[in-house]
Structures are given as structure tokens and as C-alpha cells.
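Residue numbers (our numbering), protein chains in the order written: chain Z, 454 to 649; chain W, 454 to 649.
Virtual Cβ for every residue (Gly too), placed ideally from N, Cα, C.
Here the structure comes first, spelled out in C-alpha cells, and everything after it is commentary.
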DNA sequence: ATATTATGTAAGTATACACCTACACAATAC
DNA sequence: GTATTGTGTAGGTGTATACTTACATAATAT
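Following this line, the structure appears as C-alpha cells:
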């Protein structure tokens, strides 16, 4: 036998590059030629690492989740008196959309007829939801609170809020500071039930 | 001179068909051949009505707004004691995503690098926002209310809520009744500031 | 009637792009 | 060394598809 296979490692190195390409160009304009070039490879070599373009895209969806979740986990640990949920809201209000990776969801949603992409998106949203629902519950456990919609529905609404922050950013519908206020103010309002 | 030009009328007749095609197939799979077939025409004839595929898509974005706004206007007039905002929320909770036309936004968002499509989307969201912000203010004027985020930000959040309803529907993340509760409960919570 | 413009039908073109083949060279195991 | 497998380079192929051209026919104005 000869020469160890480093495909796994290379996939890991290249996925961020690919993901960024899909985010920047959208699915169609991210041609395999463009992807290869940005990776400093030939198309050929990409096809040795993934069976087809769709697989590259699926990897990008996973990466989008991991990228975001890594930041959130980091925020969980930096205790500053506020609840983790509040810290995440503040951070997202300030930085949402900065990476541009959210555009991968736009591309994915446009391909919802493809069962594999559909399922990958489904799982991604489900993971975000699980994460957030935990934070909502933890946040509410700390406080006296009023009536508010249940945690699961609230968590979806928070995701919708983030999505809207992305869109208002993408389409320049709101300036940076207003976006920050939107995510933070409406977000805490959703968490707390009106009083904050 | 001879034979009156009925292009305007035909565009109006065909736009719903085209819009539905884009919604069903997404931008890429909605080939000009497919669009023509669904219109009962040849590609050729489509190109006599619109200069290119993008123009057909832009018309579909306009149609999406008109289609939705027409329903909302209808709901405004049917007074039943509740505020119009509440009526719209109830209706959207029940029917959101039913037409499938929202998928046009998915397609559009994936093309946000194209300045024309970007601008059309921008205007569409702006129009929705104007509409909703009016309803929010009117709703709040009727009531004693608590502290809540300002109407403009709330209106964006409501749009995000609708977007999320679409996505949870599209990806089968929530069953119909839960989606209805989400839009209605979280929606009124956003409007009222917690007490309802 | 006839000139003029709209509408229908059929075929074609040019290009972009996902994906493949073929082969040379390099590295590792034995 | 040498057999084996990974990596790099160059080019090709087949197809899908946005958009066009050419021409026949139908409707209306004068």
C-alpha cells in the first residue's frame, strides 16, 4: 500500500472556501469552475473529494450551522450577569449577517424541491431551534415573567427575527444600528413577555 | 394601421401563470421552455411580451405583492370588532403559505447579486412594511398598552414571523395548527406588548 | 381589397456548465 | 527498487437552455 489518504482533512480545509463561494455567488453562479479556482484546484480535484456539486453545497449547509453555533457556544461561557440568551441577542444584533454565510440559506431555500437539500435545511433549522429553545427556557427560568407564547414558538419567532435581520441587511432596508435595535429590542421583548 | 396590440392584457393574464411556475420550480428549473408550455405558448411568444427571463421574474415579484395585498385589503373592510391587524394575523396564521407564491422570494433572495432583482425585492418588502406599520399603529392607537418596541421595528419582526411561517411550512418543521398559533400568538404579542 | 401589424409554428444557435478521461508525476509501503 | 495509490495538469463531452430567425397565417384599419 502507499500514500495515506488525506481527503477528510482536505474537505475540512476546503469547505469554508466553498461555503463562502456559495454565499457570495449563489448556487447558480457558483460554477464548479469558480469553486475550483477559489480552492486553488482543478474541477477534477474537487470531484475527487465530493461526488457532485450538490454534495459540496450540503457540506456548506453543515458548515453554516457549525460556524454560527461555535460563536454562540463561545458566548455562552462568557458570563457577565446577563442571561446567555441576552448576550447572544446583543451579539447578533451587532454582528448578524457579517459573515455573509446566511446567503447559503437563500440558495438552499430556492432548491427546496431537491429532497436532499430540503432535508439538510430542515435539520439545520431544527438544530438552531433546539439550541434557541434551550436558551429561551433558561432565560425564563431566571425571571418573574408575564404571559408569553410558549418557548418553542418563541424560538421559531427568534429565528424569523434573525432571518429578517439578514434580509434587511442584504437589501439595505435598515441601517446597521436599527438592525441591532431590532434584534435586541424585539428579541428581548419576545423572551421576556413585554417588560424589560 | 391594423390589429390592436393586446400585449398589456396578455401580460396580465399570463403573469399569474408565470409566477406560479417560478414558485413551483424555483428560478433555475423554471426554464423558458417550461414557462412557455405552462402558458400554452411557444418560447418565442413569451419573448414578444417580455425582453428576457429576468423581466418575467420581476413581473412575478410584483404579482406576489399584489396578490397578498389584495387579500389583506379585503380583510380590512370586514369589520368584526377586532382590529384589522388582528384579523390579518388570524387569517395569515390559518392560510400562510397556502398559495405557494412565497417561494418567489426564495428564488429572488438567491439572486440578490442582480441589481434589478435586488431592487424589486427591496421595493416589495418596503411596501409590505408600509402596509403593516400602518396596521400596527392603528392597532395600538385603539388600546392601552405597555412598553413595546417601536412600530417600525415591530413591523419588520412581523414580516420575519411570516417568513418563518413560510419556511416551517415549506420544510415541514411545524404542523398546520402550530403554525397558526405561532403567527397569531406571537404576532399579537408583538402588537400588544405582552398583554392580550 | 390591401397594406399593416399581431399571432402562431418550427427550427436553430451559441454558450455555459456539470462532470469525465487520460496521463504524467510524486509519495509512501514493502 | 518497485508496486501501489494519491495528486496535478490538460483537455474534452454532452446536454441544458436562454434567446433568435424565418416564415406562414390571421385580424384589423383604411
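When Cβ-Cβ separations below 8 Å define contact, residue 496/W makes no contact with chain Z.
The beta-carbon of residue 508/W is placed no less than 8 Å from the nearest beta-carbon of chain Z. The Cβ atoms of residue 549/W and residue 632/W sit closer than 8 Å to each other. Among the residues facing chain Z, residue 559/W is included, as its CB has a counterpart in that chain under 8 Å away.
Secondary structure note for residue 458/W: it is in no alpha helix (DSSP H), with a DSSP letter that is neither H nor E. Put simply, the CB of residue 545/W is far from chain Z, with every gap to its CB atoms at 8 Å or more.
Contact of residue 579/W with chain Z is assigned, a C-beta pair being separated by under 8 Å. Residues of chain Z whose Cβ lies closer than 9 Å to the Cβ of residue 563/W are, in chain order, 479, 480, 481, 556, 559, 560, 561, 562, 563, 564.
The C-beta distance from residue 574/W to residue 514/W rounds to 6 Å, short enough to fall under 8 Å.
Listed along chain Z, no residue sits closer than 8 Å to residue 551/W by beta-carbon distance, the nearest being about 16 Å off. Along the stretch 623-644 of chain Z, going in chain order, the ones with a CB nearer than 8 Å to a CB of chain W are 623, 624, 625, 626, 627, 631, 634, 635, 638, 639, 642, 643. The beta carbon of residue 605/Z is closer than 7 Å to those of 586 in its chain, skipping five residues each way along the sequence. Residue contact check for residue 542/Z against chain W: no CB pair falls below 8 Å. The criterion of a C-beta distance shorter than 8 Å is satisfied by residue 460/Z and residue 502/Z. Listed along chain W, no residue sits closer than 7 Å to residue 486/Z by beta-carbon distance, the nearest being about 17 Å off. Within chain Z, the residues 639 have their CB atoms less than 8 Å from the CB of residue 607/W, given in chain order.
DSSP places residue 601/W in the coil class of the three-state scheme, outside both helix and strand. Excluding the 5 residues flanking it on each side, residue 636/W has same chain C-beta neighbours closer than 8 Å at 542, 545, 546, 549, 614, 615, 618, in chain order. Contacts between residue 614/Z and chain W, judged by CB atoms closer than 9 Å, involve 609, 610, 613, 614, 617 in chain order. For residue 566/Z, same chain residues with a beta-carbon under 7 Å away, outside a window of 5 residues either side, do not exist. Uninterrupted beta strand (DSSP E) stretches at least 3 residues long and entirely within the stretch 491-530 of chain Z do not occur. Straight-line measurement puts the Cα of residue 578/W at about 14 Å from the Cα of residue 556/W. Excluding sequence positions up to five before and after residue 591/Z, its CB lies within less than 8 Å of the CB of 536, 537, 538, all in the same chain and listed in chain order. Within the same chain, and ignoring the five residues on either side of residue 517/W in sequence, the residues whose Cβ sits closer than 6 Å to its Cβ are 554, 557. Using a Cβ-Cβ cut-off of 9 Å, residue 575/Z is close to 624, 625, 626 of chain W, given in chain order.
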